[in-house]
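*Asks:* Residue numbers (the working numbering): 700 to 940. Idealized CB from N, CA, C, for every residue including glycine. The following block contains the structure, expressed as structure tokens.
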């Protein structure tokens, strides 16, 4: 199905170069919004991407979505997510991707986390994965949704699927890490999957119809960064699980 039967697909820009995140959003959107094409930052001209300087997941997600929209004129989606570990007072939190340094090395981040929890017993290895997803729309509307899943940190990596801390995180009530699950299994229970499913009805209602004259240049001209269409109202920074 295409927008209004015109053959023109609606587009959104996901503010990431991570192909796995792109595939994840596409999997979740496609069944309900088959006329929506998800683009990544690799599909648009490069620009100076903002540093993740905010103290909350929601703040960082909005930074990235606003920048992507301002650059492209396309409705923009961005996420910020991380692992909040009880024994580390909610850390790594918003620093999850850079926990071992600025180069966002998943293997090093996992190794450092395991070292920090080396003497922590199983009953104190509780954690929560949190994701905030921001949507910035033509006209200045902004929405933020949150997904959260509780679980525990394993004592060693299990499998190498997924990304980030997936090899270490076992969701509550389960026995396998995210990395041991199929993509569809992970989508059903993950923090980002939950947040993205909250995003779907917002996109269904608010995405502009290209058949009605919406174009990238027009979108950009109508953007008002000060307007907030909605918010999760939930904390996004380092918190206890």
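(1) Can residue 844 and residue 767 be called in contact, C-beta distance under 7 Å?
(2) By how many angstroms is the C-alpha of residue 809 removed from the C-alpha of residue 875?
(3) Judging by CA-CA distance, which residue of 804, 726, 760 and 819 is the nearest neighbour of residue 786?
(4) Quick check on the DSSP output: what are the complete beta strand (DSSP E) runs of length 3 or more inside the region 773-833, in order along the chain?
(5) Are residue 907 and residue 837 closer than 7 Å when you measure CB to CB?
(6) Using 6 Å as the cut-off, classify the Cβ of residue 783 as near or not near the heavy atoms of the ligand SAM, replying yes or no.
(7) Report the rounded CA-to-CA distance for residue 736 versus residue 780, giving the unit in angstroms.
(8) Evaluate residue 745 with the Cβ neighbour count: other Cβ atoms within 10 Å of its Cβ, from every protein chain shown; 16 or more gives buried, anything less gives exposed.
(9) If distances are taken between C-alpha atoms only, which option among 799, 821, 732 and 829 comes closest to residue 759?
(10) So, under 8 Å CB-CB, residue 866 and residue 849 are touching, yes? Tell me the CB distance rounded to an integer number of Å.
(11) Can you find the residues in the same chain that come closer than 7 Å, C-beta to C-beta, to residue 797, ignoring five residues on each side of it along the sequence?
(12) For the region 845-898, list the alpha helix (DSSP H) runs that are entirely contained and at least 4 residues long, ordered along the chain.
(13) When you compare the CB positions of residue 846 and residue 905, do they come within less than 7 Å of one another, or not?
(14) Is it buried or exposed for residue 709, if we count other Cβ within 10 angstroms and need 16 for buried?
(15) Hey, residue 977 and residue 765 are a contact pair by Cβ (cut 8 Å); roughly how many whole angstroms apart?
(16) Quick one: residues in its chain with C-beta nearer than 6 Å to the C-beta of residue 871, no 5 flanking neighbours on either side, listed in chain order?
(17) Quick one, are the C-beta atoms of residue 713 and residue 728 less than 7 Å apart?
(18) Cα-Cα, which of 739, 775, 902 and 853 is closest to residue 822?
(19) Would residue 739 be called buried (16 or more neighbouring beta carbons within 10 Å of its own) or exposed?
(20) Tell me which same chain residues have a C-beta within less than 7 Å of the C-beta of residue 896, skipping the five on either side of it?
(21) Please state the DSSP three-state secondary structure of residue 842.
(22) Counting C-beta neighbours from all protein chains within 10 Å, is the total for residue 841 16 or more, i.e. buried, or is it exposed?
(23) What's the call for residue 719, buried or exposed, on a 16-neighbour Cβ count within 10 Å?
(24) Checking 7 Å against the spacing of the C-beta atoms, do residue 805 and residue 863 come in under that value?
*Replies:* Considering the structure as presented:
(1) no
(2) 17 Å
(3) 819
(4) 775-784
(5) yes
(6) Annotation note on the ligand SAM: not contained in the displayed structure, which lists no ligands.
(7) 23 Å
(8) exposed
(9) 829
(10) With 8 Å as the limit, residue 866 and residue 849 do not qualify as a contact, their Cβ atoms being about 18 Å apart.
(11) 803
(12) 882-888
(13) no
(14) buried
(15) Since the first residue of the chain shown is 700 and the last is 940, residue 977 is not available in this structure.
(16) 849 and 850
(17) no
(18) 853
(19) buried
(20) 727
(21) strand
(22) buried
(23) exposed
(24) yes
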